[in-house]
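Start counting the sequence shown at 1; every next residue gets the next number (this note's numbering).
Just so it is clear, CB atoms sit at the ideal spot from N, CA and C, and this is done for glycine as well.
Report on one structure; see the data block that follows.
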Amino acid sequence: MRKLQEYERKRDLRRTPEPRGRRGRRSARSPRFVVQKHDASSLHYDFRLEADGLRTGHVKVWLDGEKLTGGYALTRVGKGERSRWMLVKMDDEGADRRRKPVKTQPESVVSGRTVEQVAEEAR
């Protein structure tokens, strides 16, 4: 939690058009997830997940979202400061190599806007 507080303290919402984020009550229903396109020093995607057991370095999840569905495996790679998580689609009924949601569905599920539109509106 300290890293999140440090990140929130350092970020400048006047310079970057990223969402402020909200803290709220945790839903009694299934855990939630979000995939956020993030064009910082390099373009990448943040995958945020409400789940227990991530400390072990490997977890399998089933996503039932607007763009991502089916089984996924999250595995921590690297050590210490260089540690990162790799998200891999499992081979199941949701797997389809022809689907390219990053290209065919670039709009946010929440706002309906692309990252480029959000950046333009922030100028």
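Between which residues of its own chain and residue i is the CB-CB distance below 6 Å, once the five residues before and five after are set aside?
i    : result
G65  : none
L74  : V59, W85 and L87
P101 : K67
Any idea if residue i is buried or exposed, counting beta-carbon neighbours within 10 angstroms, 16 or more meaning buried?
i   : result
V88 : exposed
V35 : buried
Using 8 Å for Cβ pairs, my map puts residue i next to residue j. What's the rounded Cβ distance?
i    : j    : result
M86  : V77  : 5 Å
K67  : V109 : 7 Å
R113 : E107 : 6 Å
Nearest CA to the CA of residue i: which residue from the options?
i    : options               : result
L43  : R123, A122 and E116   : E116
A122 : K100, D12 and E6      : D12
F47  : R55, S41 and K37      : K37
V118 : K10, E93, V59 and D39 : D39
G94  : E8, S41, K10 and V61  : V61
Spatial neighbours of residue i within its chain, please: CB distance less than 7 Å, with the 5 preceding and 5 following residues excluded, ordered by chain position.
i   : result
L63 : F33, T69, G70 and Y72
Run through the DSSP bridge pairs and tell me what residue i is partnered with.
i    : result
K89  : Y72
Q105 : None, per the DSSP bridge assignment.
Looking only at its own chain, which residues have a Cβ that is under 8 Å from the Cβ of residue i, when we skip the five neighbours before and after it?
i   : result
S83 : R76 and V77
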